[in-house]
Amino acid sequence: MKTFQSMFISGVLGLALVGCAEDAPPRPARPAAAPAQASAAPQKAAAEAEASPGTAEPSQPAYVYNYNPVGKRDPFRSPLGDLDPSAVQVNPVVACNEPLCQWDIDQLKLVAVVTGDANPLAMVEDPLGRGHIVRRNTKMGRQGGKVTQILRDEVIVTEVITTPERVISNPVSLKLRPDDALDPAYNLMTGKNWEP
Numbered sequence: 038m039k040t041f042q043s044m045f046i047s048g049v050l051g052l053a054l055v056g057c058a059e060d061a062p063p064r065p066a067r068p069a070a071a072p073a074q075a076s077a078a079p080q081k082a083a084a085e086a087e088a089s090p091g092t093a094e095p096s097q098p099a100y101v102y103n104y105n106p107v108g109k110r111d112p113f114r115s116p117l118g119d120l121d122p123s124a125v126q127v128n129p130v131v132a133c134n135e136p137l138c139q140w141d142i143d144q145l146k147l148v149a150v151v152t153g154d155a156n157p158l159a160m161v162e163d164p165l166g167r168g169h170i171v172r173r174n175t176k177m178g179r180q181g182g183k184v185t186q187i188l189r190d191e192v193i194v195t196e197v198i199t200t201p202e203r204v205i206s207n208p209v210s211l212k213l214r215p216d217d218a219l220d221p222a223y224n225l226m227t228g229k230n231w232e233p
């Protein structure tokens, strides 16, 4: 096995050396010309290049593009900065990073309220069924409303709407819904409602 490996490696090295030897022969050195002829040759070559642009070297493009940024927008500046500051938006988008800001207030459901403390809290359920703890000044709703009051059976969220004429505060209340009806107790033997 070692003999085969050594023969294989020597064969590969031999082929590599033969491949290297087949390179193109080196160019012959140019004879040194007289100084008068040496200066005339580059001028003649430059004149020929100017006369026939189609014979220019392929490594250089025929047209060189220069970028002029005058009168163009800066690509690294935000396009929002270009807006007119005097234009007032009727409903500005309020930045809110809290999870309850992705739904409208009417999509949220008040599940539980804990009061009787200096810091009352409530639990709100989103449309996906996840519960979120809410305290005063918690942001919720797409309009950027804040929880202003937590009462015994409701939570009041105040949304602020800015118009060009005035600022409107809109209180929205989420009420705690009582259970509709308790499930009746069944007699497991008969399957009928249990009656006292």
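Counting from 38, one number per residue, gives the positions in the sequence shown under this note's numbering. Just so it is clear, CB atoms sit at the ideal spot from N, CA and C, and this is done for glycine as well.
Beta-carbon spacing of residue i, residue j below 8 Å
{"i": "residue 183", "j": "residue 135", "result": "no"}
{"i": "residue 148", "j": "residue 168", "result": "yes"}
{"i": "residue 196", "j": "residue 180", "result": "yes"}
{"i": "residue 164", "j": "residue 144", "result": "yes"}
{"i": "residue 150", "j": "residue 187", "result": "yes"}
{"i": "residue 185", "j": "residue 172", "result": "no"}
Residue i versus the options, residue with shortest Cα-Cα distance
{"i": "residue 189", "options": "215, 206 and 168", "result": "215"}
{"i": "residue 210", "options": "191, 166 and 196", "result": "191"}
{"i": "residue 160", "options": "166, 139 and 170", "result": "170"}
Inter-residue Cα distance where the pair is residue i and residue j
{"i": "residue 146", "j": "residue 154", "result": "22 Å"}
{"i": "residue 207", "j": "residue 200", "result": "13 Å"}
{"i": "residue 158", "j": "residue 198", "result": "25 Å"}
{"i": "residue 202", "j": "residue 101", "result": "56 Å"}
{"i": "residue 142", "j": "residue 117", "result": "29 Å"}
{"i": "residue 103", "j": "residue 110", "result": "17 Å"}
{"i": "residue 166", "j": "residue 139", "result": "14 Å"}
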